[in-house]
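Each remark here refers to the structure printed beneath this line.
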Amino acid sequence: MKKLFILLTLALGAVPAFAQDLITKKDGTDIQAKVLEVTVRDVRYKAWDNLEGPEFVLPAYDILIIRFENGTNHVFNVVSPGYGQNSGFYTSDLSMLGESGLRYKNLKNYYDRADYAFLQHPRYGLGMPWLNLIFPGLSQYCMDEPGLGTRYLLISLGCTLASSLAASSYVTYRDGNYVRISMPPAAQVVAVLASAGLIANGVCSIVNAYRVAKVKSLYTEDLSQYRRAYSMSLSPSMNYAFTPTGVRLAPGVGIKVTF
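Going by our numbering, the first residue of the sequence shown is number 1, and it counts up by one from there.
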């Protein structure tokens, strides 16, 4: 009976030792942890021996597999970002790179704008958005986003028109001269709101242009890497053919595929 009690005690004591998640990194390192959150970009966890301690974040591209305490496994297949790694890509969804010409609305959920800092030669510079101070939406047009550019342009024209109508409605022509009469409070409110909307639209268009420049620069960089990573070329070749009369040269064409 005493032996049975000891065995049960040892068995119960051994349960917590296996009731943790095991994170295996691509370099072979194992981390005993309590996984809190798993996303496409990172994994948040706490050290198993210090559950009341700080929360750690591990990039998803560094992780090979997570073995959860319930026995299930989660295998990661995330390519590393372009900076400092061999993949050269800034997104983990390479399937979309087969279709060029995607718009900002299709790309904004696949890229982290913070990665823009790692680009050596970005396609779109961050000085371009300031063009929107002169012509709202111009930067978006320059970055092949006509839908966004038209939206900011129409809002700007609408605010300008409303402000102008509110002011010009109270100018009358008397005795050969244009005379300005006092504007009622309602017209003054319209003019102020229209002017405020014009300024707000300009600021929003600049902020949006910065975001578009970063995301589309990352996208164009990935496109160039993708095209360099997969290429095909034809070149003449000369092979040997074995015939009943001996070995002869056989000219041909070789296909070279680069991955």
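The C-beta atom is built at its ideal place from N, Cα and C for all residues, glycine as well.
- For asparagine 106, the enclosing alpha helix (DSSP H) stretches over residues 104-107.
- When secondary structure is reduced to three states using DSSP, threonine 29 falls in the coil class, being assigned neither helix nor strand.
- Excluding residues up to 5 positions away in sequence, Tyr104, Tyr124, Ser139, Gln140, Met143, Glu145, Leu148 lie with their Cβ nearer than 8 Å to the Cβ of valine 212 in the same chain.
- Leaving aside the five residues that flank leucine 51 on each side, the residues in its chain whose CB is nearer than 7 Å to its CB run, in chain order, Lys34.
- For the region 97-145, the continuous alpha helix (DSSP H) assignments of 4+ residues that do not extend past its boundaries occur at 104-107, 138-142, in sequence order.
- Cβ-Cβ distances below 6 Å link isoleucine 206 to Pro129, Asn132 in the same chain, with the five nearest sequence neighbours on each side left out; the list follows chain order.
- Arginine 67 and glutamine 20 have their alpha carbons spaced roughly 9 Å apart.
- Of all alpha-carbon atoms in Leu22, Asp49, Pro59, Trp48, the one lying nearest the alpha-carbon of threonine 39 is that of Pro59.
- Residues Ile31, Leu58, Asp62, Ile63, Leu64 of the same chain have their beta carbon placed closer than 8 Å to that of lysine 25, with the five preceding and five following residues left out of the count.
- Only residues of its own chain outside the window of five on either side were considered, and among them Arg211, Lys214, Val215 have a CB closer than 7 Å to the CB of arginine 113, listed in chain order.
- Put simply, the backbone Cα of glutamine 120 is about 13 Å away from that of aspartate 222.
- Beta-bridge partners assigned by DSSP to isoleucine 65: Thr24, Val75.
- Within the model, the alpha-carbon separation for serine 156 versus proline 136 is close to 7 Å.
- The DSSP-derived three-state label of glutamate 37 is strand.
- Put simply, the backbone Cα of tyrosine 219 is about 14 Å away from that of alanine 117.
- Its chain contains Cys159 as the residues whose beta carbon lies nearer than 6 Å to that of glycine 197, once the 5 sequence neighbours on both sides are disregarded; these appear in chain order.
- For valine 43, the beta-bridge partners assigned by DSSP are Val38, Leu58.
- For serine 163, the closest alpha carbon among the candidates Ala194, Pro184, Tyr152 is that of Ala194.
- Tyrosine 219 sits in a helix when the DSSP states are folded into three classes.
- Here proline 184 carries a coil assignment [DSSP, helix/strand/coil].
- For glycine 197, the secondary structure class from DSSP, reduced to helix, strand or coil, is helix.
- Burial of valine 43 is indicated by the presence of at least 16 other C-beta atoms within 10 angstroms of its C-beta.
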